[in-house]
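Here is the structure we will look at.
Structure representation (C-alpha cells):
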C-alpha cells in the first residue's frame, strides 16, 4: 500500500507534462541533497523550486473533483524532501505568498523531523486570523486536527462558517466536534446572532451542531401512522 506522500507523488506525476515531470524529479533530488546552505548565496535550490512551482507544474488535464492542486502537491513534496528545520519553515511561511503559505500549512503533518509544535501552531493560528478562505481551509487540515487546542479549534469552526469555508474541509470534524458542549453553545449563539440580524444561518452549522450535541441525524418527524399507533397503546 502506498503511503500518503507516495500516493500524492504518483497522482501528481500522472497529471504532469513530460517537462514538468523532469522539473519535479530535479526539484526533489536537489531538495533531498539540500544539506547546509550559505545564505549569502541567496535562496537554497529547494526553496527556489518551491517558489517557482507555480510556473513549472504544467498538467496534461484539468483538475478533476477533489484531486489535490498540482502546485500544492509539488510544494508539499519538495518541503518533505528538503526536511527544513523549524526556523526555515517559519521563514518560508512568513515571507511567502498566500499560495506558498497554504502549501506550508498543508505540509506540516508530513515534515520529518516535525517542526517545533509551538512554532507550527503559530502558523496555523496566523492563518485562522485571515479572511483568506484557502488559508483557513488549509489551516484546519490534519495538523490542526491532531494538535490545535480546543479553544482555537472551536474558533476555527466559527471562522469557517463566517467566511464560507465548507466544514467538509475540516479534518477530523466528526471526531473533535462530537459531544463538545462548548462548541454547541457557540454555534447556537452564532445562529441566534445571524437570525437576529436577518441573515441566513449557514447550512453547515446544523450538521456541526448535531455532532456537538451527539445527535448526528435529525429526528424523523412522527408520521400519522406512528401517532395513531401511539394513541392505541
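In full-length UniProt numbering, the protein residues as written are 1 to 233. Note that beta-carbon positions come from the ideal geometry of N, C-alpha and C, so glycine has one too.
- The alpha-carbon separation between residue 69 and residue 20 amounts to approximately 14 angstroms.
- Looking at 189, 165, 125 and 13, the one whose alpha-carbon comes closest to that of residue 151 is 125.
- Between the region 97–107 and the region 18–34, the count of Cβ pairs shorter than 8 angstroms is below three; the stretches do not touch.
- Residue 50 counts as buried, since at least 16 other C-beta atoms from the protein chains shown sit within 10 angstroms of its C-beta.
- Put simply, the region 119–134 does not touch the region 174–185. Fewer than three CB pairs are less than 8 angstroms apart.
- Taking residue 121 as reference, the option from 172, 210 and 146 with the minimal CA-CA separation is 146.
- Rounded to whole angstroms, the gap between the alpha carbons of residue 57 and residue 95 is 21 angstroms.
- In this structure, residue 154 sits near residue 186, with a CB-CB distance shorter than 7 angstroms.
- Of the residues 182, 157 and 180, the one whose Cα lies closest to the Cα of residue 171 is 157.
- A check of alpha carbon separations from residue 142 across 110, 119, 161 and 162 identifies 110 as the nearest.
- In this structure residue 161 touches residue 204 by the C-beta definition: roughly 6 angstroms separates them, less than 8 angstroms.
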